[in-house]
Structures are given as C-alpha cells and as structure tokens.
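Numbering (the UniProt record's numbering), first residue to last: 1 to 82. Here a beta-carbon is modelled for each residue, glycine too, at the ideal position from N, C-alpha and C. Here's the structure we're looking at; comments come further down.
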Amino acid sequence: MISCNQYDYLEIACMYHFPLRLVLLDGSIIEGIASDTGYNTHKQECLIIESNGEPRFIPTEQLKSLQVTIDNPHFSSVNFQQ
C-alpha cells in the first residue's frame, strides 16, 4: 500500500489529467492519461488511466514509479515505496 503522501501525487495527476508513464513492480510500462482513483472488481485501490481510449485500473500496490510526460509546475516523477 502506498503512503498518503504518495497518494496525493496520484490525486494531483488526476485533477490535471496529466499524461503519465507508469512503471510497475514487474517492470512493465503503461502510458495513459490520469483520470481518477477508485477500486477494481477485486476491491483493490487503483489509479484509473485512459489508455487507447479505454479506462485501465492499475492497482496502486503494483506501482513502482510514475512520470508525468509534460512540463508542469507541480511535479515530474514519483518513486513509490510499498
């Protein structure tokens, strides 16, 4: 589970619909637009991104890092500590 401080970055990304590059713990990379946070059908806390026109639910426990792919005054990247 990610910390409350780290969760704040997810909320900022969703509020501004930032384009993201996510690296998961298994090394896979997912790109998309931050949309919202919520829960999947397995009741896991997730970051919801739009990828190829479809919503994708990415469990927060699988996040290794997040990079915002545009310049912005808020933040550019976060490394998650599980």
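For the beta strand (DSSP E) that residue i lies in, which residues bound it at each end?
i	result
I48	45 to 51
N79	77 to 79
The ligand PLP and residue i: does the residue's C-beta get closer than 7 Å to at least one heavy atom of that ligand?
i	result
L10	Absence of the ligand PLP from the depicted structure is noted, as is the absence of any ligand whatsoever, leaving it without description.
What three-state label does DSSP hand residue i in the structure shown?
i	result
Y39	strand
I58	strand
S28	coil
Keeping to the same chain, check which residues put their C-beta closer than 8 Å to that of residue i; ignore five residues upstream and five downstream.
i	result
N79	K64, S65
Alpha helix (DSSP H) containing residue i: first to last residue?
i	result
L10	4 to 15
Once the 5 residues before and after residue i are set aside, which same chain residues still bring their CB inside 6 Å of it?
i	result
E31	R21
Return the bridge partner residues of residue i from the DSSP annotation.
i	result
I33	P19, E50
Residues in the same chain with beta-carbon distance under 7 Å from residue i, minus the five sequence neighbours each way, listed in chain order, please.
i	result
Y39	E45, C46
Contact between the stretch 20 to 30 and the stretch 2 to 10: three or more CB pairs below 8 Å?
no
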